[in-house]
């Protein structure tokens, strides 16, 4: 470095190349630092999902227990706890509630485990059928036929204050079942 | 006066270097043979892109990328905004034309060997344009924020969720959150309107620059293979001997085709109108039948038709292999014959790939594997299957409908096609086999043993045993039918019934 600087000072009036080299190198170095300072928040902003540690799920009530007669499967809707003021009806998430008996429930995500399409319950045949690729599940949510790799996703639930609560707020996928 | 104008023109050219710009771009010399009808697809694809940018910018004047408002703003565009419906239609049909013409361009370039030396990177940049255009197609489908868009996003997230290890984080990245919510649509809007179009403009610039610097492919002649050592000199020779300026001597057919494309887009938009939006993006409306736009129907079909164990292959390995092969193509075969007349394997692979995609798209459109959710309550049983039947058999017909068998099995051409049509089932299965199939399921059919009482099974099987065209229709009065029945009459499967 000193080799570069010395002649630059001495021969400044002639516009020696080494001084320009130094300016160029310094300019590049400064911009690398400035660019990194800009890139860190940008990348952090865009890829925040990799830094997110907070559990987005929360307990939400699906309503009073007597909405769900024993041995029936009914659709229920909850307001997504992970929501924004401009979400509108998109934040109303449906799920299938099966009251096995008393306080024993099964709460199934609406999403087929194959590709996430909304499964429909058919009381008479006791099956959930998927309109996309024809996946079928038995009434206890286990896989009956078709391409699904597993049974329906089930929410964690609890019974409190005579109401049924589920832990929702996350789209169930194979890598992240509810 | 004329002198003043001339001196003004000279002054402008001196300051703006317009002549130099013109002669190095629009006026650059191309082989005369490149002025062919086969060479019009590239410029037409670019034209489609320009139409998309202009109509897209217009739509963005009105569209609101908010989950709560998007659908309403689309309805406003369709029904209230002056010419709104038409611009939506032009944007939609423009995208269809763009994908179709880009495909033709790619096939032409492949069959004419234009990807070979020295135009490898023109091809590679073209592949990136193909990929970015497909991303535009998917994100554009999300902009039409209706039921299909909502569930399309869900499908996208479910596919992403299958990525090993970082699947959950990738879903979060795709949806801008753990679930489809506020920022999801904003994210796709940003991709569709800013990021991907910006990328496309950058890659198109490179693509065009390469066309200028490396020249446009001469119309290939059979028996004239490309050799790295001699090609550059040969091409220079072609330009020297039969080079013509692109404008005005080679652009004529491009211009005519361009006008036809614009008329085609405008006409299709006028006749068929905009697509959707379908039902509102309300996830609680589960009575829906999500389908992707036609570009992705083939993948949608492949996922239904292929065995489960192949899904990871189809979702992740196959695209990676295809893209790698496409990118590697000019480096695998940089020299040799260009003419399709001497490259039978190339021609056959194009035919094969197009056939596979077309058949899968057709199947995706008809989706025979999907249960018909309303068939059990909506489709009538053909009269011939219920005429002169015993009460037991008629009860079986009711069981057949009530238990939603019809959603997967058709009768008289109506109903689902997930399972086999049952018009002739009695010619394929005996009564005992029918009982076994109903109770135990199998071959992709769920077991109904728990959902049917023995009496229902018997009625159902009696009905199905009448389903054949050859049987004489007679008033049933055989001794077996006239006897009061119980489950024991169907002897073999009794054990099955009892076991439950």
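Chains as they are written, first to last, in this note's numbering: chain A, 1 to 178; chain B, 1001 to 1500. We put the beta carbon where it would ideally sit given N, CA and C, even for glycine. Note that the structure is a prediction, hence the values are computed from the model and not measured.
At a cut-off of 8 Å between C-beta atoms, residue 82 (chain A) counts as an interface residue with respect to chain B. Only residues of its own chain outside the window of five on either side were considered, and among them 1407 have a CB closer than 7 Å to the CB of residue 1373 (chain B), listed in chain order. Using a Cβ distance threshold of 8 Å, residue 135 (chain A) and residue 112 (chain A) count as a contacting pair. Counting along the chain, the unbroken beta strand (DSSP E) around residue 127 (chain A) starts and ends at 127-129. Taking 7 Å as the Cβ-Cβ cut-off, the stretch 114-126 of chain A approaches chain B at 115, 116, 117, 118, 120, 122, 124, 125, 126, given in chain order. The alpha carbon of residue 99 (chain A) has as its nearest neighbour, out of A:55, A:62, A:24, the alpha carbon of A:62. Among the CB atoms of chain A, one or more fall inside 8 Å of the CB of residue 1066 (chain B). The shortest CA-to-CA distance from residue 51 (chain A) to any of A:60, A:59, A:40 is the one to A:40.
Nearest to residue 1171 (chain B) by C-alpha distance, out of B:1185, B:1156, B:1183, is B:1156. Rounded to whole angstroms, the Cβ separation of residue 1423 (chain B) and residue 1414 (chain B) is 11 Å, and the two are not in contact under 8 Å. Counting every other CB atom within 10 Å of its CB across the protein chains shown gives residue 1427 (chain B) a total below 16, marking it as exposed.
Across the set B:1066, B:1016, B:1123, B:1056, the C-alpha of B:1123 shows the shortest separation from the C-alpha of residue 1324 (chain B).
Short of 8 Å from the beta carbon of residue 78 (chain A), and not among the five residues preceding or following it, lie these beta carbons of its own chain, in chain order: 60, 61, 62, 92, 93, 95, 166, 168.
Under the 8 Å criterion on CB atoms, residue 1464 (chain B) is classed as non-interfacial with respect to chain A. The straight-line gap separating the alpha-carbon atoms of residue 1271 (chain B) and residue 1263 (chain B) is approximately 12 Å.
For residue 151 (chain A), the closest of A:124, A:128, A:164, A:53 by C-alpha to C-alpha distance is A:128.
Residue range 1167-1175 is occupied by the alpha helix (DSSP H) that includes residue 1168 (chain B).
In this structure, the beta-carbon distance from residue 176 (chain A) to residue 1168 (chain B) falls below 8 Å. Taking a C-beta cut-off of 9 Å against chain B, the contacting residues of the stretch 17-49 of chain A are 46, 47, 48, 49, listed in chain order. Proximity to residue 1420 (chain B) across B:1030, B:1287, B:1371, B:1080 peaks at B:1371, based on C-alpha coordinates. If only uninterrupted alpha helix (DSSP H) runs of at least 4 residues are considered, those enclosed by the stretch 13-99 of chain A are 17-46.
Taking 8 Å as the cut-off, the Cβ atoms of residue 1144 (chain B) and residue 1277 (chain B) count as close. Under DSSP, residue 173 (chain A) takes part in a beta bridge, and its partners are A:176. The beta carbons of residue 1159 (chain B) and residue 1315 (chain B) sit closer together than 8 Å. Nearest CB-CB separation between residue 110 (chain A) and chain B: below the 8 Å threshold. Rounded to the nearest angstrom, the Cβ distance from residue 1051 (chain B) to residue 1084 (chain B) is 17 Å, too far for a contact under 8 Å. Nearest CB-CB separation between residue 1144 (chain B) and chain A: not below the 8 Å threshold.
Using a Cβ distance threshold of 8 Å, residue 1319 (chain B) and residue 1141 (chain B) do not count as a contacting pair.
In the displayed model, residue 1096 (chain B) falls within a helix according to three-state DSSP.
In summary, no residue of the stretch 1247-1262 of chain B has a CB separated from any CB of chain A by less than 7 Å.
Minimum Cα-Cα distance from residue 75 (chain A) among the listed residues B:1444, B:1400, B:1285, B:1389 corresponds to B:1285. Beta-bridge partners assigned by DSSP to residue 1411 (chain B): B:1414.
With contact defined as three or more Cβ pairs closer than 8 Å, the stretch 1111-1129 of chain B and the stretch 1221-1230 of chain B are in contact. DSSP links residue 111 (chain A) through a beta bridge to A:118. According to DSSP, residue 143 (chain A) shares a beta bridge with A:137. Contact of residue 104 (chain A) with chain B is not assigned, every C-beta pair being separated by 8 Å or more.
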